[in-house]
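Below: the structure, in structure tokens.
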Ligand SMILES: [Fe+2]
Ligand SMILES: [Fe+2]
Ligand SMILES: [Fe+2]
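Chains as they are written, first to last, in my numbering: chain A, 34 to 127; chain B, 73 to 399.
Shown next as structure tokens:
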């Protein structure tokens, strides 16, 4: 037969209160097995309390070559930061 | 612009891109998989990361040889956990390598066909239980020395995999040393067994840190890309300096008559390494090269029906899911 197992991306929440973070990837035939393999590969020492797996082909990633047009619009908008605004020196709690 | 002029302009462009790339790494910038990178960077990383992954995978074989014969349940669970970790290390590294655009199947194929190399140390046989001690202590010890600097290497996925690997290695070395220590506190026969294992593994462990700096071809480029932070000879000296006192503590003798602490340099001087033996093993003429690859291939081939069955099951589940949704 010879059909290769697809690639999955693994996200792990280390403990409640923290977000899921990308841990790596692995191959598995389906989501159920991907979860089990992720448990064995990435959480052998209690590294997580929750795992997400997403098949890698379902991730749309931005291209670093387009970073200029993608992220440049934010670089010249100093007025989005609190330090942009002039205030009297003796003002407090602001 | 003539054709040749265009070519030259192009080469200049690439050269300046490469200079910017190297400068970024010099500033401790990280390279991520989708970033532009010189072709040589991609190739070198595929080679090094896959060799590293293969070493973790093949490295399971000499130790797996003793799991069922471990002398106690304590030793058995520890060895089993260590070998399972090595499988994990292989998997972290394969997936880091795949981000460079090579498939897992190609990587396996390169290992199975003999095209790809793995660490020569795993082509030595594990003859007694003491070898489990010597491997954990010396081989994982040398691996740690190799791997710690890689935690800050320039390629992001490799560096992240190394951080995870290094966290897990320290238990490997400790369990090995504990085995040696226990044998050294045992009967004369047990102590002899530990000494014999050290005698056989010492020199291969020194070779594991790679050819001498004079013989080493990739050092300069690897330094720029932070695939190497210290030279092979520096790493080897570090390994010797830290390991000799550890042998002293449990009363074992390093099998090197020329080994002597040098007060002037603050390092141990040591004897000549048999590099002829090293190159023989690298070229495939070690004691276990054939056995290792055939064991690996056999495991892969015999597992094929399981992998196929898992795919068939997944497809069936997906179909019945679709059918349900259609109703
Ligand atoms: Fe490892
Ligand atoms: Fe390793
Ligand atoms: Fe290890």
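Heads up, the beta-carbon is just placed ideally off N, CA and C, and yes, glycines get one too. Note that the structure is a prediction, hence the values are computed from the model and not measured.
Problem - Closest by C-alpha distance to residue 270 (chain B), when choosing among B:227, B:323, B:238 - result: B:323
Handout entry: Extent of the continuous alpha helix (DSSP H) to which residue 294 (chain B) belongs
Key = 291–296
Practice task
Note down, in chain order, each residue of its chain lying with its Cβ closer than 7 Å to the Cβ of residue 88 (chain A), except the 5 sequence neighbours on either side.
Solution key: 39, 41
Handout entry: Span of the beta strand (DSSP E), counted from its first residue to its last, around residue 149 (chain B)
Key = Run containing residue 149 (chain B): none in the beta strand (DSSP E); it sits in the alpha helix (DSSP H), 145–170.
Exercise for the section: Using a Cβ-Cβ cut-off of less than 9 Å, list which residues of the segment 167–189 of chain B approach chain A; keep chain order. Expected result: 167, 168, 170, 171, 175, 176, 177
Problem - Close Cβ partners of residue 319 (chain B) (< 6 Å) along its chain, the five nearest in sequence each way excluded - result: 326
Exercise for the section: List the endpoints of the continuous beta strand (DSSP E) containing residue 44 (chain A). Expected result: 40–46
Practice task
Could you tell me whether any Cβ in chain B is nearer than 8 Å to the Cβ of residue 54 (chain A)?
Solution key: no
Practice task
List the whole-angstrom C-beta distance separating residue 90 (chain B) from residue 131 (chain B), where the pair is believed to meet the contact cut-off of C-beta under 8 Å.
Solution key: Between residue 131 (chain B) and residue 90 (chain B) the Cβ distance is about 35 Å, and since that is not below 8 Å, they are no contact.
Practice task
Taking residue 63 (chain B) as the reference, give the member of B:137, B:99, B:138, B:224 with the closest Cα.
Solution key: In this structure chain B extends from 73 to 399, so residue 63 (chain B) is not present and cannot be described.
Practice task
Let me know if residue 70 (chain A) comes out buried or exposed under the rule of 16 or more other beta-carbons within 10 Å of its beta-carbon.
Solution key: buried
Handout entry: Which of helix, strand or coil DSSP assigns to residue 57 (chain A)
Key = strand
Handout entry: residue 120 (chain B) at chain A interface by Cβ criterion, 8 Å
Key = no
Exercise for the section: Please report the Cβ distance between residue 117 (chain B) and residue 172 (chain B), rounded to the nearest whole angstrom; I am assuming they are in contact, meaning their Cβ atoms lie under 8 Å. Expected result: 6 Å
Exercise for the section: Could you check which residue in B:99, B:94, B:286, B:121 has the C-alpha nearest to that of residue 109 (chain B)? Expected result: B:94
Handout entry: Of the residues B:126, B:106, B:376, B:148, the one placed nearest residue 94 (chain A), counting alpha carbons only
Key = B:106
Handout entry: Any non-hydrogen atom of ligand 1 within 7 Å of residue 237 (chain B) CB
Key = yes
Exercise for the section: Check whether the segment 208–215 of chain B touches the segment 238–246 of chain B, counting contact only when three or more Cβ pairs, one atom from each stretch, lie closer than 8 Å. Expected result: yes
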